[in-house]
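For the sequence shown, the positions run -34 to -1, 1 to 331 when mature numbering (1 follows the signal peptide of the UniProt record, and there is no 0) is used.
Read the structure below first, then the notes.
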Amino acid sequence: MSQVNIGINGNRSLSRSWPLSIFLAAMFTWLLPSRQVALPSVCGRYPSVVSDVSSSVTRSSTTPPTSLPSTTPSLTSSTWSTCSSDGKLIVNGKTIAVYAEKDPSNIPWGQAGAHYVVESTGVFTTIDKASAHIKGGAKKVVISAPSADAPMYVCGVNLDSYDPKAQIVSNASCTTNCLAPLAKVIHDKFGIVEGLMTTVHATTATQKTVDGPSAKDWRGGRAAAANIIPSSTGAAKAVGKVIPSLNGKLTGMAFRVPTTNVSVVDLTARLEKGASYDEIKAEVKRASENELKGILGYTEDAVVSQDFIGNSHSSIFDAAAGISLNNNFVKLVSWYDNEWGYSNRCLDLLVFMAQKDSAGGASRL
């Protein structure tokens, strides 16, 4: 497979996580050598976003993000990031073009050489809206959020259904990426009759620093750092889109908590085939070491949320935290770094698509 050139549009998780650091760090440290990915261009949705991103990333050269492992070479190195005089972003010696356009169709993706675009504004999440990137010269678009009509893919779960004819696809949400691999393992082996999911989710940029108005709901307008906030999520229902046999069997909710990174999924499920908790643990561990290696992790340690900062798995099963009422009714717990892990999966999906799109390309996932 030839080199894959990508672009990023927006100011959401991928492009504003310690502004640009998460996605760029994923590319320029562990991912670039093995995945043959290059980043020729970045676009902020608003002009102010570009300057904010540039200055913030420059500061990270002397103060690396505390929520990433200090052993990460590219984040602790003084060469991690700078800004050149012509407004371009330089990361580890790589020059990246930066644009500022409200309308995605005005971004010169073709001119910049960006074949695949990650749409991370949270605004252009339908096929019609995301297609504006195609007008700008992009060949494919990956939406880094759930989509109402774009086909949704979760690495390790349903990539075998990928259709190369699709120009716009969704990488689902970070929570769906955590829940779906675990649900797949349990459903394939024991059968899930029905289930309820709760995600205890770290604060995100959509929340308020102090009490204020919220377009989504009243609770969503409360101060993020001072409250545990019940919220809605479509992550569990979305699993039914990537695992059709679970459609209508799962739903869930969220609690937003005042932490900056790492979230955890609690899946309470009724099983079709009875199994002891030890049998369930054994099956999850087996899958984590085989077909879902790198996607689903497994631990029996007495861990807490900070222990998963910088973990690239989509989902890390906490064997010591789960419980069972009986052989047919269980509560399973799985952690995820909702920034770093999700950015890794976006890159995995991009490379998978490029391999499938190129003639004779073989997938590694």
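All residues carry an ideal CB built from backbone N, CA and C; glycine is no exception.
How about residue i and residue j: are their beta carbons less than 8 Å apart?
i, j, result
"residue 223", "residue 287", "no"
"residue 63", "residue 91", "no"
"residue 165", "residue 141", "yes"
"residue 280", "residue 262", "yes"
"residue 86", "residue 227", "no"
"residue 121", "residue 252", "no"
"residue 289", "residue 235", "no"
"residue 207", "residue 189", "no"
"residue 149", "residue 209", "yes"
"residue 256", "residue 79", "no"
"residue 156", "residue 241", "yes"
"residue 373", "residue 130", "No information on residue 373 is available, as it lies outside the stretch -34 to 331 that the chain covers here."
"residue 65", "residue 73", "yes"
"residue 205", "residue 216", "yes"
"residue 181", "residue 198", "no"
"residue 162", "residue 218", "yes"
For residue i, which three-state DSSP category applies?
i, result
"residue 243", "helix"
"residue -5", "For residue -5, the predicted model reports a pLDDT of 47, less than 50, meaning its position is unreliable; a value from the coordinates is still stated below. In this structure, residue -5 counts as helix in the three-state DSSP scheme."
"residue 174", "strand"
"residue 260", "coil"
"residue 302", "strand"
"residue 328", "The pLDDT assigned to residue 328 is 40, lower than 50, so where the model puts this residue is not dependable; a value taken from the coordinates is nonetheless given after this. Coil at residue 328, not helix or strand."
"residue 33", "Residue placement at residue 33 is flagged as unreliable, the pLDDT there being 37, under the threshold of 50; a coordinate-derived value is accordingly withheld."
"residue 189", "strand"
"residue 308", "helix"
"residue 143", "helix"
"residue 28", "With a pLDDT of 27 at residue 28, under the threshold of 50, the predicted position of this residue should be treated as unreliable, though the coordinate-derived value follows. Coil, per DSSP."
"residue 334", "Not covered by the structure: residue 334. The range shown for the chain is -34 to 331."
"residue 202", "helix"
"residue 271", "helix"
"residue 210", "helix"
"residue 181", "coil"
"residue 150", "helix"
"residue 278", "coil"
"residue 322", "helix"
"residue 18", "For residue 18, the pLDDT reaches just 29, beneath the cut-off of 50, and the residue's location in the model is therefore unreliable, leaving the point undetermined."
"residue 215", "coil"
"residue 52", "coil"
"residue 129", "coil"
With DSSP as the reference, please indicate the residues paired to residue i in a beta bridge.
i, result
"residue 236", "160, 295"
"residue 165", "220, 231"
"residue 196", "221"
"residue 284", "265"
"residue -29", "82"
"residue 290", "296"
"residue 135", "108"
Taking the alpha carbon of residue i as the point to measure from, which residue in the options has its own alpha carbon closest?
i, options, result
"residue 201", "152, 214, 134, 190", "214"
"residue 160", "124, 225, 185, 239", "239"
"residue 233", "129, 145, 102, 61", "145"
"residue 109", "117, 266, 78", "117"
"residue 124", "320, 315, 323, 324", "315"
"residue 275", "113, 308, 186", "308"
"residue 302", "260, 296, 318, 321", "260"
"residue 245", "181, 180, 152", "152"
"residue 136", "295, 96, 291", "96"
"residue 304", "272, 57, 293", "272"
"residue 105", "186, 71, 119, 113", "71"
"residue 143", "-28, 119, 195, 250", "119"
"residue 103", "133, 89, 250", "133"
"residue 319", "84, 284, 114", "84"
"residue 89", "225, 69, 76", "69"
"residue 269", "291, 147, 299, 250", "299"
"residue 250", "93, 154, 61, 59", "154"
Closer than 8 Å, CB to CB, is residue i near chain C or not?
i, result
"residue 106", "The structure shown has no chain C; it contains just one protein chain."
Check whether the Cβ of residue i sits closer than 7 Å to any heavy atom of the ligand MN, and report yes or no.
i, result
"residue 109", "Among the components of this structure there are no ligands whatsoever, and the ligand MN is therefore not found."
Entirely within the region 54 to 125 and at least 4 residues each: give me those alpha helix (DSSP H) ranges in chain order.
75 to 78, 93 to 96, 98 to 101
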